[in-house]
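Following: one structure in structure tokens, then a few remarks.
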Amino acid sequence: MADPLAGLTPAQDAAARAIGPIAVLAGAGTGKTKTLVASAVDRIVRRGVNPHRLLAVTFTNKAAREMSERLSAALGPMRTPSWVGTFHAHGSRQIRQDPGIADLRPGFAIMTGDDCTRIVRRLVKREIAQGGLAEEADTDPDRLRKRIRGILAHIGRFKEDMVLPEEARRYFGAAAEPLMADAARIYPLYQAELQAANAADFGDLLMYPTRTMMRDESYRLEWARRFDAILVDEFQDVNLTQYRWIHLLSRDHRQLFAVGDDDQSIYSWRGAQLQYFRDFLKAFPDGQMVALERNFRSTGHILDGANGIISLDAKRLKKTLYTEAGPGDPIEIVSCKHGADESRTIAREIGRLAAEGVNYHDIAVLYRYNYLSRGIEDALLRARIPYVIVGDTGFWERAIVKDMLAFLRLVVSPDDRQSDEAFRRVVNVPARGVGERSLAQVETLADARDLSLCAAADQMPGEGAVAITLRAFTAMIRDVGMHTETVAGKIARLADSTGYRAMLQRLEDEGRERLENLAELEEIAAGFDTPHALFDHAALGAAAPGEALDGRVRLMTLHASKGLEFPRVFLPGWDETLFPLPAERTNFEEERRLAYVAVTRAMRRATITWCAERGSKPSGPSPFIDDIPVHARSQGWLRHVARR
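When we follow full-length UniProt numbering, the leftmost residue of the sequence shown carries the number 1, and every step to the right adds one.
Here it is, written out as structure tokens:
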């Protein structure tokens with residue numbers, strides 16, 4: 001067999017051959033997966049490790065599949081390690097072999113996120129009814145959904161911190177934060193429901209094996225002795241439970257290979273503890289750390305810009321990325337008048353690149369916040385440039401946009417049965433006390449009289465509360481239809497008349513982004529003469545993301561872009577008011593790392609845009625732009641600079 005380490009750089013080779021605990025500080029684009037696979041192959045081929053006694057751990061199924069495919073290509077299917085998977089997959093295998101450690105029985109189920117949400121919703125409603133939880137004065141369904149999401153998030157964090165249900169009730173039941181106190185009360189009931197159903201959630205899959213290994217040495221040894229080496233990808237993202245699980249399994253043989261990059265730690269909000277990677281040599285004094293600094297992705301100016309941004313993180317592990325690919329083009333810094341100008345500017349430049357022969361799928365637009373995609377989507381649609389939203393919901397697929405278009409369709413065609421789906425969607429948005437039973441009565445009347453649902457609601461007999469509410473709703477819809485204002489004016493009137501805008505204003509931070517989306521929809525609608533033209537435009541926008549990625553511009557958040565690379569990258573929204581947000585509302589150094597991740601997605605050219613005005617408020621360039629060395633940036637488009 002050929003040398004499994006052939007073709008590695010000296011640093012990659014040193015890391016792959018290392019014995020004992022090793023942390024590989026793998027900068028962006030330096031071949032971390034290649035090095036991890038090479039280490040696994042070297043252990044199996046040269047050191048004689050049984051492939052089925054090698055444990056490889058990833059964070060995603062995609063990464064696990066890629067690793068397995070590379071190992072199979074290098075070793076053949078008979079020698080491919082059988083323990084390659086995510087943390088949760090490995091934890092599940094432990095519990096499958098001994099379900100009693102989680103108070104489960106053989107054949108237990110793993111609940112989906114939707115399953116867990118339904119259980120918590122039922123428990124919250126029951127506890128409110130029985131007085132176990134306080135009922136909020138505002139009974140809006142959106143507030144209840146937010147409360148349920150918050151409770152589930154806290155339960156997940158309890159499990160990441162290995163806090164059992166009764167411990168949570170005891171220590172956090174009287175917490176000052178209402179959601180945490182609610183979660184501490186619901187958690188024991190939730191866990192009892194899971195166990196009664198012989199089911200586990202994702203948090204259980206690692207919490208129970210880890211706790212059991214901590215308190216039962218014979219159990220820990222049983223599992224630790226199954227493996228001669230452990231390889232961990234993205235070590236900078238591990239949480240408390242994951243770190244302890246790794247340490248408990250590796251502390252005897254100490255053959256731990258941990259690869260990661262503290263400069264790309266951007267998931268603290270998910271519980272990631274960056275310090276475990278930075279303090280690796282404190283936990284393993286006999287270990288070593290090897291830095292991979294040669295970048296195989298980007299050109300020199302792009303790397304100089306990224307290095308300039310991240311070098312100001314005083315706590316980072318020191319390394320400097322370099323490339324042998326030449327300097328390439330400086331990073332373009334383009335100022336725009338406002339958000340709409342920024343979107344149009346990016347769309348025009350993408351159109352120009354396409355005319356020069358650049359493939360759309362080689363272009364990506366990466367943004368810090370989801371709502372920034374709206375203007376870009378609309379500009380691309382108007383320019384007839386195909387795009388796809390990666391890892392997120394496109395503007396036209398967002399609930400607020402669908403709701404407002406449903407209201408508008410009712411206004412345009414209240415007596416047409418084509419508007420029935422719109423009626424079903426929004427008759428109880430915001431909440432009006434129209435439940436499934438009341439809707440069923442409307443549908444029965446509509447069928448009997450051959451009416452649209454809106455027309456049937458208009459004719460609901462009786463003076464009961466629901467009948468009065470339904471007639472008032474349809475009267476409001478017809479009243480808006482009688483006004484002759486523009487399409488944008490109708491949407492604005494609907495947002496106010498239905499109480500939708502007021503509902504969003506009560507949602508605090510979550511509502512702020514939705515209000516931004518509402519404002520953007522009104523702005524788009526101003527460019528259409530009729531509602532039907534807007535409906536067609538929205539339908540085209542909603543359909544595009546569902547098609548294949550090939551031949552389309554990629555749009556995604558900075559978080560979703562981690563691990564990806566593109567020849568041509570646009571980075572909108574680098575305003576001082578947006579990126580980073582004011583210091584009191586964000587982790588500044590994590591925002592810096594996010595800026596570093598953003599720039600290092602680019603292979604050949606990166607363009608950063610900022611606005612002098614954003615949302616009718618003055619703005620300016622992000623401070624991260626000034627951190628890019630002067631020689632690595634160009635003020636304005638390079639093609640314009642070249643003409644001067």
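Backbone N, C-alpha and C define an ideal beta-carbon position, used for all residues, glycine too.
Between L303 and T323 a beta carbon distance of about 6 Å is seen, short of the 8 Å cut, so the two are scored as contacting. The closest CA to that of D626, considering only A306, E397 and M67, is found on A306. Secondary structure within the stretch 295-326: the alpha helix (DSSP H) runs of 4 or more consecutive residues, fully enclosed, are 300-310 (chain order). Per DSSP, reduced to three states, the secondary structure at G375 is helical. Looking at the backbone, the Cα of N198 and that of A325 are separated by about 56 Å. Between the C-alpha atoms of S413 and A519 there is a straight-line separation of about 24 Å.
Distance from the CA of C336 to the CA of R601, rounded to the nearest whole angstrom, comes to 23 Å. About 41 Å separates the beta carbon of M404 from that of L274, a gap too long to meet the 8 Å contact definition. Of the candidates F87, V41 and N50, the residue whose Cα lies closest to the Cα of A73 is V41. Counting C-beta pairs closer than 8 Å gives three or more between the stretch 249-262 and the stretch 220-236, which meets the contact rule.
Fewer than three beta-carbon pairs drawn from the stretch 351-371 and the stretch 501-508 are found closer than 8 Å, and the two stretches are therefore not classed as touching. By the neighbour-count definition (other C-beta atoms within 10 Å, threshold 16), P580 is a buried residue.
A straight-line Cα-Cα distance of about 45 Å links Y243 and R501.
Comparing alpha carbon positions, the residue from N239, A379 and E356 closest to G527 is A379. In the structure shown, T112 adopts coil according to DSSP, grouped into three states.
Around the beta-carbon of D447, fewer than 16 other beta-carbon atoms lie within 10 Å, marking it exposed.
The three-state secondary structure of L152, taken from DSSP, is helix. V390 carries a coil assignment under DSSP once its states are collapsed to helix, strand and coil.
Where Q288 is concerned, the enclosing beta strand (DSSP E) starts and stops at Q288 to L292. With three or more CB-CB distances shorter than 8 Å, the stretch 148-157 counts as touching the stretch 172-183. Looking only at E217, A538, V365 and P386, the smallest Cα-Cα distance to A560 is reached by V365. For I44, the enclosing alpha helix (DSSP H) stretches over residues K32 to V45. The C-beta of M78 has fewer than 16 other C-beta atoms within 10 Å across all chains shown, which makes the residue exposed.
Between V426 and A455, the C-beta gap is not smaller than 8 Å, which leaves the two residues out of contact. V553 is a Cβ neighbour of Y387, given a cutoff of 8 Å. Annotation: the continuous alpha helix (DSSP H) that includes G489 extends over V487 to S497.
Residue range A602 to C611 is occupied by the beta strand (DSSP E) that includes R604, with no alpha helix (DSSP H) assigned at that position. For E234, there is no enclosing alpha helix (DSSP H), as DSSP marks it with neither H nor E. Along the length of the stretch 382-453, whole alpha helix (DSSP H) runs at least 4 residues long occupy 399-412, 420-426 and 436-449, reported in chain order.
Excluding sequence positions up to five before and after I148, its CB lies within less than 8 Å of the CB of T117, V120, R121 and V124, all in the same chain and listed in chain order.
Looking at the backbone, the Cα of G48 and that of L54 are separated by about 11 Å.
The beta carbon of A174 is closer than 8 Å to those of A181 in its chain, skipping five residues each way along the sequence. L504 and D575 have their C-alpha atoms spaced approximately 25 Å apart.
Cβ-Cβ distances below 7 Å link P106 to P99 in the same chain, with the five nearest sequence neighbours on each side left out; the list follows chain order. For Y276, the closest alpha carbon among the candidates F296, H247, N295 and E485 is that of H247. Its chain contains L410, L453 and C454 as the residues whose beta carbon lies nearer than 7 Å to that of F423, once the 5 sequence neighbours on both sides are disregarded; these appear in chain order.
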